[in-house]
Structures are given as C-alpha cells and as structure tokens.
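*Asks:* My structure is below; once you've seen it, I'll send some questions.
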Amino acid sequence: MLPELTQFEDTVHLINDSGIQFLDFAVKLDLRNEPAGRFAKMGNTLISRLLQNQETKQYFHFGPVGTANQSGERLAQSQSQERLVSEVDDEDLTLGMQSSFKLLDGLWLPAPVFRFLPPQRYDEGPTNWARVRLIELEQPDVDGNTHRLTLAFDTRSMASATGMQYLAPTRDDINAGSSFRLACHARQSRWFLDQKWVQDWLAEIYREGNRHRPSEDVEEELVEQRHIGHYLNLLSLMAKPVPEQRSSEPARVVVPEIKLAANGADSIDPPIQVDLVLDVGNSRTCGILIENHGQSGDGMKHNYILQIRDLVNPERVYSQPFESRVEFAQASFGKENFSVQSGRHDAFQWPTIARVGVEAGRLSGRRRGTEGSTGLSSPKRYLWDENAYTHGWRFNNSYVQTDSEPKATAAPFSHKITKLGQAFYKLKNEDDRLPAFSPQYSRSSLMTFMLAEVLTQALLQINSPAQRTRMGHTQRPRQLSSIILTVPPGMPQVERSLLNDRLLQALALVWKCMGWHEGDLDPSKAKGLNSPVPAPRVPLPRIKVEWDEATCGQLVYLYTEIRENFAGHAQEFFDTLARPDKANREHITLASIDIGGGTTDLVITDYSLERGAEQASGSNVSIIPEQRFRDSFKVAGDDILLDIIQRFVLPALEQALSDFGVVSPRSLLSRLCGDESTSAQEAILRQQLNLQVFVPLGLRLLKDYESYDPELPSPVHDYRFADLLEKEAISDRIREYLAGGVRRIDGGRDGFELGQVVLRIDLPAIHQAFLKGQINLSKILDALCEVVFQYPCDALLLTGRPSRLPGVQAYIRRKVPLPPGRIVSMNGYRTGGWYPFHRNGQIDDPKSTAAVGAMLCLLSEQRKVSNFYFSVGRLKPYSTMRHIGKLDENNLVIDHDMLYRDVIKSDAQGNEFLQLHEPQLDGPQLRVLGKTRLGYRQLNAERWVAAPLYLIELTERGTRKLVGKPTNDGKEACLLLRFRVDGADADRGDAEIIPETLVIDDNIESNTGESFDRKDVKLQLYTMLSAEGGASNYWLDSGSVSPK
C-alpha cells in the first residue's frame, strides 16, 4: 500500500544517527501535456534548465558573467534580487518531461541537498547524504496523484575536520542548527553536477535506458549533456518559482527545509521511550509500537502498527500482518559503485541483508537462479536446525538486470557473523571470529536475520519524520525501551531459549551495524563504568519472550467486555458471563483455540476477582489469572492451504493434462510437483511452480471461502488460472517447465498452456470437505474440543486467521464443546476504536489479537490502563513436556515406548525445572537401532498426539563400528543410551533463558562388545513433524505438494 502522505511543516527535523529516513510526496502529472524542459549552456560549459518570465514570456537562467553563447544569450541585471539574469532567445536543447520521467522512473538518484547560507547561497555540500526517486503509479491514488516521489536521507553525521570533504552533515551542523535545502537550479548545484561520480551515475542510467539504440548516437547525446537535462527536468518538479519568473504558482512538490536534531546523550530533551510488541508466527507476523509520553500520555492512544517499507518499491509500506518469509536481497539506493567514488564508502548502507513480508514473497516467486537457496518460508519453523546449510545462500536478484546470484554476504552485517550465521560475540575464542565469506548460515540463524530486519524497520519508523509528526513532540528522538515477543503456549523451553537467543543476537547485530556499539563483544554485558565491554551509545532495550499467543487473545476479549461494554465493572461482566450453574459469580473460565499458520493452540484459563482488605463491592478489583491447560499442535493454517491445493487445485491441473492427452497425469505431477528426487535446477522450478501458481490459487480459494455463507446460495464458477493470478504472475520458465514435462513423456506433444487450465470455484464443496473431516486440522480440533468439554468453560474464543473459515467454525460447533452462544469468533468481534488493527470498530483479522493482547499485558504490567487491573505477574507459563518417549510415524508415543514420565518438577518458589529421573538413579536406557525420534506429550494417554523434539542418528564412525558386528545376545546390533539434562552456562546473561537441553550420557553401551562414545552418535533438536527425506524441507520451501 502507499504510505499516508504527511503535511510537513516548513522545516522538518531528522533525528541524527537514526538510519536511513524517508520523506514521501505525491504529484499529479499529465506527462503528454507537461511543458518540455528547455536548456542552454552556462558560459559554454554545463547546461542549465531555462526559466520563463510569465509576464514577458522571456526565457532566462542565472548564469555567470561571460561571453554570449551560441543560443544568443544576453546578460541583464535582476532588479528584485540583484542577480545576473541570462536572457536566452534560442535554447541549445529541448527535452520532454515524458521522456525524462520514463528514463528515470523508479531509479534512485543523488539529490543535491546542501547547507543553506541565507539569504540565497548554497554551500558546497554535504555531497552524498540524500537520494531522490520518482515513480509512476500503476493506478492514480485516491487523490488522483499519478506519481510518488521519495526522498531518502542517510542521517549519520561526520566529525568536522579541516581539509576533509564535506560528504555528510557534521556535528557542528547539528550544534549550530544548520538548515539544508534542495538545490533545484543548475546555478545552485553547478559544482555538484560537475563532480565525476555524479556525471558518471547519470551517464550510465542514460546508456542503460537507451541500450536498444546505436551506441554512437547515445555517446553524441551524452556530449550534449542530455543525461544532465533529464535530471534537471526531474528536479524542476521541486523547484520553487523565483521572483524573476513573476509566478505565484507553488512548486509541484514542496520539499521542506531540513534540519538535524541531536540524538541520544547529545539531545537536549530526553528521548521518548517506545515499546515494541511482536507476534512472529510461522506464516505471518505483526507488531505494535507503544510510545511512553509520560504523564501527558496514554498507552492506549499513543500506539501504532509496525510498518515494513518495501526496499525494492520504496514508495510502498505495509502495515497489516505480513508474511514471515525471509529472503536474502541487498537493499540498493542507486549505483553504489559511483557513490563510493564520492569519498564516502558506506553511504546508504542498509544494516541487514534479508527482506521480509510482501517484498520477500514477491522476490521468492520471481527467483531466476538455481544455485543454493535464497530464503525460507518461515525461519521459526526451522529454529531447531543449527547445522551448516551446505547448499549455501545466495542473494535473490529478481529485480536486478543479471542472471547471476552472488553469495549472500554484504557489509556491514556479514562482517559481524560467522559462516553459520552466529554473532561473533557468541564465540569465546577470537580466532574463530571469521567473517562469512562462504555463507552456510544455519536455518535457525535465519530467525536472527528476520528479527534483525524487523528491528531495523521498527527503529527507522519510530524516528521517521512522518511518524513523529503524527505522534507529536516532533523534535524529540525516540528510543526502543523494550521488545515483547509472544510464543506458542506449547513451545518447549529448549526452543523458547533458542528464540530468545535469536532475538538477543539480532538486537546486538543491529546495534553494531547501526554503529551504536563498537567491537565484537556482547553489548548486553556492558555493566558499569569499569566494564571491559564498552557501553552502547544507544541503550539496549529489555526483552521478554514469555507471554503466549492464545492467552493474549483472551486478554483482548476481557478488556473489551469489561472496559468498553461494562464501563470497567469487572464484577458485572463476570456475573453475566458465568454459567447459570456456577455458584462463584466472581470466577470465570475462558478457553481459546488459536489457529495460526504453523501451530494450533489451546489455552484454558481461570480468572477470578481479587478485592482489597475492605472487601469492596465496586469495580476497584484485580483480575487474577491461573492457567489450567495449554498445548500446541503442529497442524494449522498452512496445512489447510496444502489440503485445498491437493483437493481442488491439483485435480484441476490433472484434468487439464488428461484432456490434453497425457495418459498418466498423476505420475507426471508426481515428478513435477511431488517429492521425487530431481536435479538442483528442477528443484528450484518445482519450488517456483508452487510459489507462482499453487499457493496463490489456494489462497484465492480460501479468501473466497472466508465470505461463504452456508445459508445462502453459492453458484459454482469456472476460471482460468491466468484469470485468478496477477498479470504476468506465471514466468516463462514455469510455463516451459510444465509444457516441457508434457512434451517429454511418452506420446507427449507441444502446446500445453498452464494459464489456460480451468479451476472450478465450488465453495459448498470446500465447506463439505471441512464438515466431513477431510481436512487434516479436523483431528486436532476433535482432541481440543474434547479437552474443552472436560472443563467448565464459560466461553470459547476462536482466534487466528484460519478461524475466519466457515468450515472451522461449523466443525467446532458440531462438536458442541459449549453451547453455541458461548463460542465467540474473534473475527468480526466489535472492539471499538481502541483496537489498533480495527476496521469500522471490528476485528478484521484475528491474527492480530496476539499482538494486541501482548500490548495490553505490557500496559497492565506498567499500570497504565484505567479501570482494567490485570495481574500480569500471575500469568506464569508452565511446561507441556510431561512424558518423553520414542515417536512413531503417527507422531504418537505409545506406553511401551515411553522413556520418562512426569519429568517437570517444581522448586520451593514454584519455578519449574526438567528432571528426567531421581538423581541417585541411572535412569532407563533407550535401545537405538538407527535413526530415532524422541517426542513428548502432556497427557498420560497413548492417543494424545505427541510433539517431536529430538532426532538421534549414528555418525559415520558409529555406523562403521555398529553395522555387521556380532552381538553377545544374538539380537540385532544396537546402542543403549541414557540421557541427562545439560546444566546452565555459568556465563549466561541476565536476558538469556536456561535451555534445559537433553544430552547423551557419557556411558554408552552396546550389545556388540565395541566401545562407543558421543562421537559415534548424534542427538540434535528436531521439531518437524516428519523425518522422512532427510532434508526436512516444509512443503512451502520444497514445492512438493502432490499427495503421496
């Protein structure tokens, strides 16, 4: 979406050292009727764009004193400004605005924003700190504007020193309150346009835009300075009329004066503290920023949605929940090779190397290369995998005019991590801190990369001129005070510890890449004046990775009902909601089924009212939570999408292939989009087929189904794939991949067109698939409804985007865990205007309830919510890891395969810890014959689905020592393993979570008589539902969607 335009004041303050900041403008242009630019040379050298006196219609420019040029230039004295005006009767060059904007459309250019010296002079610098970009919109915006213009500023200042080039604003500029203005006329920026790096930048753009023409003609036009003329045409949009023009018309784009405000310790006013709340899901992510305005503020009013700016299309920002996909891509602000020649090597250097959200999704679907990988559908899904990714990582160059994909390393980020993606400070041995020249980042580390990009975007947003203008206190800088990250209720502590560590690394790396912390040490270890670790120039925010997503959704419901609907009278709401048979009317039980992209969660919580000693009967009460049950299952929204693709999209393609004459279309689809082994190039094509065709079509079906009403007639429609997909969504390579596959089979022929395949949209059929339990999620909903039925729940809340699906709601109601009137879908739930993501006062996307609920938790903890007193400190998470054993292929742990029972214990303070067995005992042994998965479940019931946790594999050495060896008991050769809980790291930081990792005990036995140690067997975290195939790629990453 296009960013909301801000009405800037005459002077805009940028916050010094706040990264790259953007100013967005819009303009309505009729390019065919725009007056062409006329140009004449200034003193026989650089051309100047001519101005026109609106009264006399005379063309002129402000030129130096000299001989008349070939245009018939006459020098005259300006009476109003005492400037020399060069009147011109015949220009040297004419360039149409349409041709200029076509050449420069969507390209970053150096912007001549210089220090202004009143009354009319411009200093020679700063040279390289501003960029400008103009792009034509596909459709005019709501105000009829046809183009968006974006200014970008690198806000890092430089030290003042004699003899140094004036490349960026200096600290003296900040202290003196210097102002900077855009120099739009050639006379004001002549020295700048004479710079070789600027000339070369513009010349290369001209050559690239005219590569279809003879090079001799292009070079002649460069001598005529046409590249300069096109650039001056663009700058003319922002030029204010001078008095000599006798015009009252304002500039087409009014660019304000720029000043830099001090940041951090140098600022006069203390920074405004900002909290960031993030809900990072397997499928989508959303965030909220809350500003603390002190006594004048209200956290419920001073909050706003996290925005992600698209760096390929920087005229667009995205504020709704965005894809959790991460894709390696370099952020470009123009021609860096020429920018370096200015003398500033790190101008406009984006801190991170990975993109997220809509931009990442678009990049992944348009990938051209076949070497290595460029990203993941969800790094959260691969938190467990800390192994080297031997395929290697490449930059996605979809929008760069080259077929090569360079390795995913770039300064400054890659200079501060190892080839496995670990921050240097995690390595105690300095000799191991080698930069990532050959990136084999673990898939787990991509969560660090994703969080780093989200943090960077948040840091830029809080200090952006537009956001500060909307929030007030425009000249005060903002600083991140805390980061809250929600987690699934059933996430084991070892995985939550990894997520916590990824956030800490992302935080440290962003601080270092922004230049806020020097060296390779951990910035969080800076303690006191004598600390060996230097303190960061900008304080690090606190982090909390604790509150679960489903409980946060319950808090949205409680707050809305109590504060909005019952005017803060909690006891009245409790009495109204409590079941009629309940004696205690100040006690309620809420259940939540939260269906996300990667997990389906259930939380059941008791809420009671706590009164003071005076036993008041009014609304001055605290709400005390106590969790009764929580669990998570790894079947959710992405699995629904796969079911829809397999049941409705693939059969349409199979039928089209059959109609085309393919004898065995199913076997062909198995090769093209199944899990059969294939070449690296075809594996990429399989992935692209999935991303370009199957996933968008499946999402289209689900989107249409969200608005389906079973009580109303719903006609069946047939559409071609091409009609349902975006224009040019299917690349030529993917069309050929399908057509070539058809051509190569026995009896195949040419001419199969993927875009012409007909897909039938039959919403009643989709609904019946849900009701008949044909969707994989149905089995999980059966189990969850059974648990809800066992508790005296007063209401069941349905949250998460898939809860919008009519089939999900209908299926749950058919199970009757509660009377239908007590089942509350948060989709369309009326909250009022306080809800940050509301649409007309209602929740439009239940995904957002987790982030908003976490915001309520934070504000309640800070005691900043009136008439709603929620005791967040009582919200203690408990572990769902009760019983550990060997997993079978149905992800069940039967009793005969149970290894440890009741492994969670509590200390005197009520804190939980993992204990496999009594300390004085050795504990049971696990018989290992080969690859073995360990999992856990919460309930002492065989049929309860277990969650995978660890994978045991023999190493090559262990395999050689075990296979084929005679045994002393006559049975198959095996290992006998015991396990223990790894102790906490003594060097653990305050913000780190004890992982409670299982490790293999040193005493490894075997029935072969051979001696084995821990080098012979490997135990690693493994939380994927299936270990089949070895690579463990989720279907969104592999493209394997054909059913087995």
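The sequence shown lines up with residues -7 to 1036 when you count with my numbering.
In this text, a Cβ means the ideal position worked out from N, Cα and C, and glycines have one as well.
1. Buried or exposed, going by whether 16 or more other CB atoms sit within 10 Å of the CB of Ala60?
2. Just to confirm, is the Cβ distance from Leu691 to Cys665 under 8 Å?
3. Is Val654 helix, strand or coil when you go by DSSP?
4. Let me know if Pro572 comes out buried or exposed under the rule of 16 or more other beta-carbons within 10 Å of its beta-carbon.
5. Quick one: give me the first and last residue of the alpha helix (DSSP H) that Thr440 is part of.
6. Using DSSP's beta-bridge definition, name the partner residues of Met150.
7. Return the Cβ separation of Arg435 and Tyr381 in integer angstroms, given the expectation that the two are a contact with Cβ distance under 8 Å.
8. Indicate the three-state DSSP secondary structure (helix, strand or coil) for Phe340 in the structure shown.
9. Let me know if Asn1025 comes out buried or exposed under the rule of 16 or more other beta-carbons within 10 Å of its beta-carbon.
10. For Trp385, which residues does DSSP report across the bridge?
11. Using three-state DSSP, classify Gln647 as helix, strand or coil.
12. When DSSP labels each residue in this structure, what does Arg855 get in the three-state scheme?
13. May I ask you to report which of helix, strand or coil DSSP gives Ala562?
14. Is it true that the segment 276 to 296 meets the segment 842 to 851, where meeting means three or more beta-carbon pairs spaced less than 8 Å apart?
15. Whole angstroms is fine: what's the gap from Ile12's alpha carbon to Leu717's?
16. Rounding to the nearest angstrom, what Cα-Cα distance links Glu904 and Tyr870 in this structure?
17. Excluding the 5 residues preceding and the 5 following Gly326 in the sequence, name in chain order all residues of the same chain whose CB lies nearer than 8 Å to its CB.
18. How about Phe106: is its Cβ closer than 7 Å to a heavy atom in the ligand COA?
19. Spatial neighbours of Ala352 within its chain, please: C-beta separation below 7 Å, excluding the five flanking residues on both sides.
20. By DSSP, does Ala68 sit in helix, in strand, or in coil?
21. By the three-class DSSP mapping on this structure, what secondary structure does Cys278 have?
22. Comparing alpha-carbon positions, which option in Val348, Arg949, Leu513 and Val1009 lies nearest Arg970?
23. Taking Phe566 as the reference, give the member of Arg577, Asn557 and Ala559 with the closest Cα.
24. Take Ser239 and list the residues in its own chain whose beta-carbon comes closer than 7 Å to its own, dropping the five residues that flank it on each side.
25. Who does Gly927 pair with in a DSSP beta bridge?
26. Taking the alpha helix (DSSP H) that Ala900 belongs to, which residues open and close that run?
27. When we look at the beta-carbon of Met(-7) and count the other beta-carbons within 10 Å, is it buried (16 or more) or exposed?
28. With DSSP as the reference, label Met890 as helix, strand or coil.
29. Beta-carbon within less than 6 Å of Thr86's beta-carbon, same chain only, minus the 5 sequence neighbours each way: which residues are those?
30. Using the rule of at least 16 other Cβ atoms within 10 Å of the residue's Cβ for burial, across every protein chain shown, is Gln782 buried or exposed?
31. Candidates Asp16, Gln(-1), Leu229 and Glu(-4): which alpha carbon is nearest Asp22's?
32. Considering Ile632, what are the terminal residues of the alpha helix (DSSP H) in which it resides?
33. Is it buried or exposed for Asn995, if we count other Cβ within 10 angstroms and need 16 for buried?
34. In the DSSP assignment, what residue or residues form a beta bridge with Ala583?
35. Which residues share a DSSP beta bridge with Ala32?
36. Mind checking which residues open and close the beta strand (DSSP E) that includes Val479?
*Replies:* Judging by the given coordinates:
1. Low confidence applies to Ala60: its pLDDT is 36, below 50, so where it sits in the model is not reliable, and the reading given next is rough at best. Exposed.
2. In this structure, Cys665 does not lie closer than 8 Å to Leu691 by Cβ.
3. Looking at Val654 - three-state DSSP - the assignment turns out to be coil, as it is neither helix nor strand.
4. The C-beta of Pro572 has fewer than 16 other C-beta atoms within 10 Å across all chains shown, which makes the residue exposed.
5. From DSSP, the alpha helix (DSSP H) with Thr440 extends over Leu438 to Ile454.
6. In the DSSP assignment, Met150 is bridged to Thr162.
7. Contact between Arg435 and Tyr381 holds, with the beta-carbon distance rounding to 6 Å and staying under 8 Å.
8. Looking at Phe340 - three-state DSSP - the assignment turns out to be coil, as it is neither helix nor strand.
9. So Asn1025 ends up on the buried side.
10. In the DSSP output, where bridge partners are listed per residue, Trp385 has Ser365.
11. Three-state result, Gln647: helix.
12. Correct three-state label for Arg855: coil.
13. DSSP places Ala562 in helix when its eight states are reduced to three.
14. Note that the segment 276 to 296 touches the segment 842 to 851; at least 3 beta-carbon pairs, one per stretch, sit closer than 8 Å.
15. A direct Cα-Cα distance of roughly 35 Å separates Ile12 from Leu717.
16. Taking the straight line from one Cα to the other gives about 7 Å.
17. Here the set comprises Leu99, Trp100, Leu101, Pro102, Arg123, Trp193 and Phe340.
18. Among the components modelled here there is no ligand, and therefore nothing to report on the ligand COA.
19. Taking C-beta separations shorter than 7 Å and ignoring five residues to either side along the sequence, the partners of Ala352 in its chain run Glu315, Arg317, Val318, Glu319 and Gly367, following chain order.
20. Note that Ala68 scores a pLDDT of 43, beneath 50, so its modelled location is shaky; the value from the coordinates is reported in the next line. Collapsing the DSSP output to three states places Ala68 in a strand.
21. When DSSP states are grouped into helix, strand and coil, Cys278 belongs to the strand group.
22. Nearest option by C-alpha distance: Val1009.
23. Taking only the C-alpha atoms, the option nearest Phe566 is Arg577.
24. These residues qualify, in order along the chain: Gln46 and Pro233.
25. Answer by DSSP bridge pairing, in chain order: Gly877 and Pro940.
26. Bounds of any alpha helix (DSSP H) do not take in Ala900, whose DSSP letter is neither H nor E.
27. With fewer than 16 other CB atoms across the displayed protein chains lying within 10 angstroms of its CB, Met(-7) is exposed.
28. The three-state reading of DSSP puts Met890 in strand, counting E and B together.
29. Contacts found: Ala28 and Arg30.
30. Exposed: under 16 other Cβ atoms inside 10 Å.
31. Distance from the Cα of Asp22 is smallest, within the candidate group Asp16, Gln(-1), Leu229 and Glu(-4), for Leu229.
32. Taken as a continuous stretch (DSSP letters only), the alpha helix (DSSP H) holding Ile632 covers Gly629 to Ile636.
33. So Asn995 ends up on the exposed side.
34. Residue pairing by DSSP puts Ala583 in a beta bridge opposite Ile596 and Leu788.
35. DSSP links Ala32 through a beta bridge to Ser40.
36. For Val479, the enclosing beta strand (DSSP E) begins and ends at Arg470 to Val479.
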